[in-house]
Amino acid sequence: MLDLLAFPDKAAVNRQITKKKLFESVQANTTIKNLFTAQVERMIWAYKLSPETINLSSKEGVEEIQIFELFLKGSELNNELLKTIDKAIPSPILFVIYEDQSIQYRAAYKRVSDADSTTWVVGDYFESAWIAKRYQKSDLPQALDLKSLYHSLLQKLIPLTKRQDESIEQLLSRYQALNQLERKSEQLQKKLHQEKQFNYKVEINAQLRDVKKQIEQLRN
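Put into structure tokens, the structure is as follows:
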């Protein structure tokens, strides 16, 4: 779980990004423009975590971490808007979402493409629970470098406990495999409920037990 974070004053940027500037930067299509206009009141480039601002060295593709604040008009924020921003900014981003008196963090695992070093690959988005703004803020997690800080922040958003010595890539792979098995379990349970013949029920039950066993292995 990710607590409310206190970012260092030295890392502050506090620069509002206008809709016009954003749309030009991300080459936004009509859908993205409409999403931003409908869902976002304003967007601020709040902090830049870099070797100069937080005294952590860069490492293997993580030169900086950007902190973007988005203030919502309502309660919805489409992740396609975040993905469009992520693809246009050549560094990892932690999005801080403001809705009334609550804050939520969102981020996706982001890496440089193996095929094209100028392109970023953006994965699925993970999000924290909504946290009341009145809660006390915590310092950033301790880290050896910016890459390990980024992985630590992202790990706290992933709803699966990290195993000892497990890399962020391995954790994400396990999470994706778990999701696939949980969907398969739901399908088998539905199939079992609909099946009338006893011998087929026995077969489906055996498959379901095997899937549930795999799910437990991935969770632990």
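Going by the working numbering, the sequence shown wraps up at 433, each residue one higher than the last. The beta carbon of each residue, even a glycine, is placed where N, CA and C say it ideally should be.
Item to complete: In angstroms with no decimal places, state the Cα-to-Cα distance between residue 309 and residue 409.
Response: 50 Å
Fill in: Residue ranges of each alpha helix (DSSP H) within the stretch 330 to 391, 4 or longer
359 to 368
Discussion item. I need the DSSP call for residue 298, collapsed to helix, strand or coil.
Written reply: helix
Worksheet item: Is DSSP giving residue 308 helix, strand or coil here?
Response: Strand at residue 308.
Discussion item. Could you check whether residue 363 and residue 226 sit closer than 8 Å to each other, using their CB atoms as the reference points?
Written reply: no
Worksheet item: Using the C-alpha atoms, what's the distance from residue 412 back to residue 214?
Response: 45 Å
Worksheet item: Using the beta-carbon count (16 or more within 10 Å), is residue 396 buried or exposed?
Response: exposed
Item to complete: Classify residue 220 as helix, strand or coil using the three-state DSSP reduction.
Response: In this structure, residue 220 counts as coil in the three-state DSSP scheme.
Worksheet item: What is the DSSP secondary structure of residue 279, counted as helix, strand or coil?
Response: Residue 279 sits in a strand when the DSSP states are folded into three classes.
Discussion item. Here's the rule I'm using: 16 or more other beta-carbon atoms within 10 Å means buried, otherwise exposed. How should residue 318 be labelled?
Written reply: buried
Worksheet item: Considering only residues of the same chain and omitting the five flanking positions on each side of residue 370, which have a CB-CB separation below 7 Å?
Response: 215, 318, 320, 339, 340, 341
Discussion item. For residue 426 and residue 382, I'd like the C-alpha separation in whole angstroms.
Written reply: Answer to the nearest angstrom: the Cα atoms are 23 Å apart.
Worksheet item: Who are the near neighbours of residue 301 in its chain, counting only those whose CB is closer than 7 Å to its CB and skipping five residues on each side?
Response: 238, 239
Discussion item. On a Cα-Cα basis, can you pick out the residue from 260, 268, 329, 269 that is closest to residue 282?
Written reply: Of the listed residues, the one whose Cα sits closest to residue 282 is 260.
Worksheet item: Does the Cβ of residue 323 have 16 or more other Cβ atoms within 10 Å, making it buried, or fewer, making it exposed?
Response: Counting Cβ neighbours within 10 Å, residue 323 comes out buried, since at least 16 surround it.
Fill in: Nearest-angstrom beta carbon gap, residue 252 and residue 223 [assumed within contact, 8 Å]
Rounded, the Cβ-Cβ distance is 31 Å, inconsistent with contact.
Fill in: Three-state secondary structure assigned by DSSP to residue 326
coil
Practice prompt. May I ask you to report which of helix, strand or coil DSSP gives residue 315?
Written response: Of the three classes helix, strand and coil, the one that applies to residue 315 here is strand, per DSSP.
Worksheet item: Does the beta-carbon of residue 416 have 16 or more other beta-carbons within 10 angstroms, so that it is buried, or is it exposed?
Response: By the 10 Å Cβ count, residue 416 comes out exposed.
Practice prompt. Give the straight-line distance between the Cα atoms of residue 221 and residue 330, rounded to the nearest whole angstrom.
Written response: 30 Å
Worksheet item: So which of 390, 304, 421, 386 has the shortest CA-CA distance to residue 401?
Response: 421
Discussion item. Can you tell me whether residue 272 is helix, strand or coil according to DSSP?
Written reply: strand
Worksheet item: To the nearest angstrom, how far is it from the Cα of residue 349 to the Cα of residue 279?
Response: 22 Å
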